[in-house]
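Undergrad: At position 147 of the sequence shown (counting the first as 1) the number is 159 in my numbering, and the numbers step up by one without a gap. Every residue, glycine too, gets a C-beta built ideally from N, C-alpha and C. Bear in mind the structure is a predicted one, so any value in this text is a computation, not a measurement. Okay, here's the structure, questions in a sec.
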Amino acid sequence: MYSTGHPPLTGWDMHMKFWRIVAMRTGTLAALVTGMLGAGSALAIPTLQLDIDGGTYVGGTEESTVTTTSSFDLWALGKTTEVDTAIDYYLSVALLPKTQNIGDPANLGSVTVNGTALSTLFGASEYGTPPVASVSNGGELAPHGIFDTYYYQLAFSFAGLPTIASYNVQDDTAGPAGEELFKQVFQIDASSLAGGYGLHFDLYTYGETNGQRTAITDFAPFSHDAAYCVDRDCGPVKVPEPSTLALFSIGLMGLVAIRRRIRTN
Numbered sequence: 013m014y015s016t017g018h019p020p021l022t023g024w025d026m027h028m029k030f031w032r033i034v035a036m037r038t039g040t041l042a043a044l045v046t047g048m049l050g051a052g053s054a055l056a057i058p059t060l061q062l063d064i065d066g067g068t069y070v071g072g073t074e075e076s077t078v079t080t081t082s083s084f085d086l087w088a089l090g091k092t093t094e095v096d097t098a099i100d101y102y103l104s105v106a107l108l109p110k111t112q113n114i115g116d117p118a119n120l121g122s123v124t125v126n127g128t129a130l131s132t133l134f135g136a137s138e139y140g141t142p143p144v145a146s147v148s149n150g151g152e153l154a155p156h157g158i159f160d161t162y163y164y165q166l167a168f169s170f171a172g173l174p175t176i177a178s179y180n181v182q183d184d185t186a187g188p189a190g191e192e193l194f195k196q197v198f199q200i201d202a203s204s205l206a207g208g209y210g211l212h213f214d215l216y217t218y219g220e221t222n223g224q225r226t227a228i229t230d231f232a233p234f235s236h237d238a239a240y241c242v243d244r245d246c247g248p249v250k251v252p253e254p255s256t257l258a259l260f261s262i263g264l265m266g267l268v269a270i271r272r273r274i275r276t277n
């Protein structure tokens, strides 16, 4: 048998070799994850976002920017280079918490948007998941802890709206120089909403095929939604981002491969 001149590896030697490689690989993986997450936080400004003047970002799966003040300005933001000014976009105003049997609608009180009363959260509202129009199966928004519930859908256009410098509502980082956002302001007054209820806001648009609306084509990430919360818990629900899970899965697969190589050497 060919000899290398070195004594054969013992079980202990193989064990220590494995963990030295693990330490090197996981250190590299950690640096990669940190770098990618940092870059994503600084650079990834979505096409659509919602923000609240004076609100607080809390993250989570249900809402991002939250206020407990009953009268506030909600901002619908869209990248000037990416939104389509020739089509409508939609703001959904949804009842929190998820509600199915509300009894007498008058018990919910009222909400106004830009001075127009939404007489109750039942009257002209919808129950289920946005959008209001019938769409193909799977074309709705994901439930993301909010739907099914009662909601209103308000249409608007970004065409001709004032612009502001681009920023990410998630961490307040500025966008690239020269990048701008359209800004639609919705003045929300929920002071007459019944106690124990809140409002959740989503921003989206949906496409058409042969004149029929088929599916939501763009929406604000659920981490860039907004909510009005009072007399109830609207704290964040922390969940790993899919990209983070994918990175760690790749890392674990790499460790398995390392172990297999050592065993076969």
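1) Suppose the cutoff is 7 Å on Cβ atoms and the five residues either side in sequence are ignored; what does the same chain contact list for L330 look like?
2) Using only alpha-carbon positions, find the residue among Y179, Y216, S104 that is nearest to Y164.
3) Helix, strand or coil for S104, going by three-state DSSP, please let me know.
4) Use the C-beta contact count for N180: other C-beta atoms within 10 angstroms, 16 or more gives buried, fewer gives exposed.
5) Check the C-beta distance from H236 over to Q196 and give it rounded, since I have them as a contact under 8 Å.
6) Measure the CB-CB distance between G66 and T79 and report whether it falls below 8 Å.
7) For A118, name the three-state secondary structure that DSSP assigns.
8) Pick out whichever of A227, E191, A206 has its Cα sitting closest to the Cα of L89.
9) So if DSSP puts T185 in a beta bridge, which residue, or which two residues, is it bridged to?
10) Closer than 8 Å is the cut-off here; do at least three beta carbon pairs connect the region 90 to 99 with the region 115 to 130?
11) Can you name, in chain order, every residue of its own chain whose Cβ lies under 7 Å from the Cβ of G172, other than the five neighbours on each side?
12) With distances taken Cα to Cα, identify the nearest neighbour of T128 among A202, K91, G157, P233.
13) Out of S82, F194, D160, which one is the CA nearest neighbour of L113?
14) What did DSSP end up calling P248 once you bin it into helix, strand or coil?
15) In three-state terms, what does DSSP make of L203?
16) Do L193 and S178 count as a contact pair if the criterion is CB distance below 8 Å?
17) Between A106 and the rest of its own chain, which residues show a CB-CB distance below 6 Å, the 5 nearest in sequence each way excluded?
18) When we look at the beta-carbon of S204 and count the other beta-carbons within 10 Å, is it buried (16 or more) or exposed?
19) To the nearest angstrom, report how far apart P155 and G187 are at their CA atoms.
20) In three-state DSSP terms, what is F170?
TA: The relevant details are as follows:
1) The structure shown does not extend to residue 330, since the chain is modelled only from 13 through 277, so no value can be given for it.
2) S104
3) strand
4) buried
5) So it is not a contact: roughly 15 Å between Cβ atoms.
6) Closer than 8 Å, so yes.
7) helix
8) E191
9) T185 pairs with nothing; no bridge assigned.
10) no
11) none
12) The residue among A202, K91, G157, P233 with its C-alpha nearest the C-alpha of T128 is A202.
13) What sits at residue 113 in the sequence shown is Asn, not Leu. N113 has its Cα closest to that of D160, out of S82, F194, D160.
14) Per-residue confidence for P248 stands at a pLDDT of 43, beneath the threshold of 50, marking its modelled position as unreliable; the derived number appears in the next sentence. Correct three-state label for P248: coil.
15) Residue identity check: residue 203 is Ser in the sequence provided, not Leu. Coil, per DSSP.
16) yes
17) The residues are I158, T161, Y163, H212.
18) exposed
19) 29 Å
20) coil
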